[in-house]
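Have a look at the structure below before the remarks.
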Amino acid sequence: MSAPQDLAAEAVARAKKAGADEAQAAAARTSYFEIDYSSRRASLARSVDSLRIDLTVFRAGKRGSASLTGARGADLDEAVAAALAAAEAGVPDPANGVAEGFDSLATDYGPERPDRAAMSAAMTEFGAALAEQHPKIVTDGALYAFTDAETGFANSRGLRHVTRRGVHSFGLMFAARDAGRTTSFNHTGWQRFEPCADLLASGSLRRLLDEAALSLDTKPAPQKFVGDLILTPDAADTLIGPLAGALSGHALFAGTSPFKDKRGALVAPPCFSLLNRPRGATFAGGADFDSYGAPTQDLDVIRGGVLNEFLVDFFMARKLERPQTAGAQNFVVPGGDKALSDIVAGVKRGVLLARFSGGIPNSALDFAGVAKNSFYIEDGEIRGALSETMVSGNLQELLRQIYAVSRETVDFGSCRYPYIATSGALISPAP
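For the sequence shown, the tail end lands on 431 under full-length UniProt numbering, and the numbers increase by one without skipping.
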C-alpha cells in the first residue's frame, strides 16, 4: 500500500502529464474509532479507515480542484480531468500558484492507535457520573473518538511534507430538563493527544453542566442598559473569530479592515494579547504546514495590546505582495492575574456570556444577537440565568474596553482562552 506522500506525488505527476502548468496534492490516510453515548449508556463503538486525496491544478493562471476517496489509477485520472475542467472554467489570477523554497517536513505526534478498552471504560464511567451528579441533564450526541491521520503533501516544485497525528477528541451536546421545563441546548468539545480518564472533569464541561441546571429558571434582563460582558472560554470566539477576520489578508485586500492602518498601534489594553500558535506542542488541532504546503509559524498577533502583525495566508500574501504570516489559526489568549470570582465581584451590571447566537458582524465589527446559556450580574453577584436577552455593540470598541482576563483558562486542543471582561455592551430584554 503506497504511503500518503507517494500518492500525493503521483497525483501531481499525473496532473502535470495531463497538461497542468503546476499542481499540488495532499493525501490523508485516516483510521477513526469512536464510542457513542446516548440514553445514558455507551451505546455504539465503530471504526472506519479511509483515504482521501485533494488535488489542485493551475493552468494559464487559473485554478481548479478535485477530491477523491481511494487511490485507483483510473480514479486519479478522473480527478485530474475534473480539476483541469474546473480550472478551464475559472478566472485567471496572477496570485495563483504553488509554494516553493521550503524545506521538507516530517513530523509525528500522539499515539498511533487507541486504547479501546480504556476509552470504553472512560465513557462508561462518564455516563454513570453524569447520571449521579447531573440528573437533570439530557444529551443529544456525545462522542469520544480517536483519529490517527497520516498526511502527505507534494507539489510540482518538488516540495514534500509528511505528518502524522494521533488525536483523542470529545464532544457533547446537552440541555437541562426538569418538571416540564427545558433549557436551550449547549455544546462543548476538545482535542488532545493523550487519552482522558475523567471525561466529566475535562475542558469546561462540569461548569457548563452546572450552569445548564441553573438555567431552568430564567428571566430576561430587567431593563435596557450599557454594561459589562464577561466572555467565557467557550464564548471567546464571539470576539476572537471576527477579530481574526478583520486582521486577515482578505480584509486588507478588500480595504474593509478597521485595523488596516494600525500596525504597531495600541488596539487593546496591555492585559490582552492574541497569539497564533499552530505549532504549539500541546495543540492536537494544530498544523505544521498549510494547504499550500507552506510551513506554519507561531505569531504574536497582538502582544500587550499592540497590533504586531496581520494574518496573511499564502494566497493573500501573493495578492498583497507582502510576506506570509499565517496559514493556520490556533489562537491563545494568555491568562491574566485575576480570578474569575474577583472579576465578577467588580461588575456593577453586566452579563456572563456563555453562548452568543447572532449574525456575522459587519466590516465595522458592529454586532447584535441573543445571549444564550448566560447569566445576569449585578453589584458583583451572579443574580440568575437570562432568557431572551439581546446583546449588541461594536467589537472593536469592546476590544479597546477589555479590563481583565482571568487566570483560569480552558485548553480546547485547537485554542486556549481565559474569561475576558470588557465594558460598553448594550444589553436589553428581547422585544
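Idealized CB from N, CA, C, for every residue including glycine. Remember, it's a predicted structure, so these values are computed and weren't measured experimentally.
Tell me which same chain residues have a C-beta within less than 7 Å of the C-beta of residue i, skipping the five on either side of it?
i	result
Gly-61	Pro-92, Asp-93, Pro-94 and Asn-96
Leu-205	Leu-172 and Thr-188
Ser-363	Thr-256
Ile-343	Ile-230, Ala-404, Ser-406, Tyr-419 and Ala-421
Ala-20	Val-57, Phe-58, Arg-59 and Leu-84
Asn-308	Asp-300, Val-301 and Ile-302
Could you pull the start and end residues of the alpha helix (DSSP H) that residue i belongs to?
i	result
Pro-4	4-17
Gly-245	237-246
Leu-395	395-400
Leu-205	205-214
Starting from residue i, follow the beta strand (DSSP E) in both directions and report where the run begins and ends.
i	result
Gln-191	186-192
Val-91	First-last for Val-91: undefined, no H or E at that position.
Thr-124	Careful: Thr-124 lies outside any beta strand (DSSP E), inside the alpha helix (DSSP H) at 116-133.
Gly-255	No beta strand (DSSP E) holds Gly-255; DSSP gives it neither H nor E.
Tyr-403	Taken as a continuous stretch (DSSP letters only), Tyr-403 belongs to no beta strand (DSSP E), as it is neither H nor E.
Ser-169	160-178
Arg-416	416-429
Leu-274	274-276
Ala-106	105-109
Glu-100	Here Glu-100 belongs to no beta strand (DSSP E), and DSSP marks it neither H nor E.
Phe-375	375-378
Consult DSSP for residue i and reduce its assignment to one of helix, strand or coil.
i	result
Gly-141	strand
Gly-384	strand
Val-370	strand
Asp-234	helix
Gly-152	strand
Val-80	helix
Gly-73	helix
Leu-299	strand
Leu-365	coil
Gly-249	helix
Ala-95	coil
Ala-66	strand
Ala-85	helix
Ala-287	coil
Ala-201	helix
Ala-265	coil
Phe-183	Position check: residue 183 holds Thr in this sequence, whereas Phe was assumed. Of the three classes helix, strand and coil, the one that applies to Thr-183 here is coil, per DSSP.
Leu-412	For the sequence presented, residue 412 should be read as Phe rather than Leu. Phe-412 falls in the coil class under three-state DSSP.
Thr-30	strand
Tyr-292	coil
Arg-157	coil
Ala-25	strand
Ala-60	coil
Please return the same chain residues whose Cβ sits closer than 6 Å to the Cβ of residue i, not counting the five positions on each side in sequence.
i	result
Tyr-292	Ala-99 and Phe-314
Ser-47	Phe-33
Pro-278	Gly-286, Ala-287, Thr-296, Ala-328 and Asn-330
Arg-164	Asp-108 and Glu-150
Ala-251	Ser-257
Asp-298	Arg-277 and Arg-279
Arg-263	Leu-307
Arg-29	Pro-4, Leu-51 and Glu-150
Thr-139	Phe-174
Gly-141	Met-173
Pro-270	Gly-304 and Gly-305
Once you ignore the five residues that flank residue i on each side, which residues in its own chain have a CB closer than 8 Å to its CB?
i	result
Ser-387	Thr-218, Lys-219 and Pro-220
Ala-118	Pro-195 and Ala-197
Leu-105	His-161, Val-162, Thr-163, Asp-288, Phe-289 and Pro-295
Glu-112	Asp-148, Arg-164 and Gly-166
Ala-265	Val-306 and Leu-307
Ala-11	Ala-23, Ala-25, Ala-27, Ile-53, Leu-55, Leu-76, Ala-79, Val-80 and Ala-154
Val-370	Phe-356, Ser-357, Gly-358, Glu-388, Thr-389, Met-390, Val-391 and Ala-430
Are the beta-carbon atoms belonging to residue i and residue j less than 7 Å from one another?
i	j	result
Ala-66	Ala-82	yes
Ala-176	Lys-136	yes
Asn-155	Gln-324	no
Gly-380	Ala-345	yes
Ala-26	Asp-49	no
Leu-399	Ala-268	yes
Tyr-417	Pro-233	yes
Ala-284	Gln-133	no
Tyr-37	Gly-127	yes
Val-226	Leu-352	no
Gly-424	Gln-396	no
Ser-215	Thr-182	no
Gly-152	Ala-8	yes
Gly-90	Arg-116	no
Leu-320	Leu-247	no
Phe-170	Leu-199	yes
Val-347	Asp-228	yes
Is there a Cβ from chain D that is less than 7 Å from the Cβ of residue i?
i	result
Ala-13	In the displayed structure, chain D is absent; only one protein chain is listed.
Enumerate, from N- to C-terminal direction, the unbroken beta strand (DSSP E) stretches of 3 or more residues contained entirely within the segment 305-363.
-> 349-353 and 355-358
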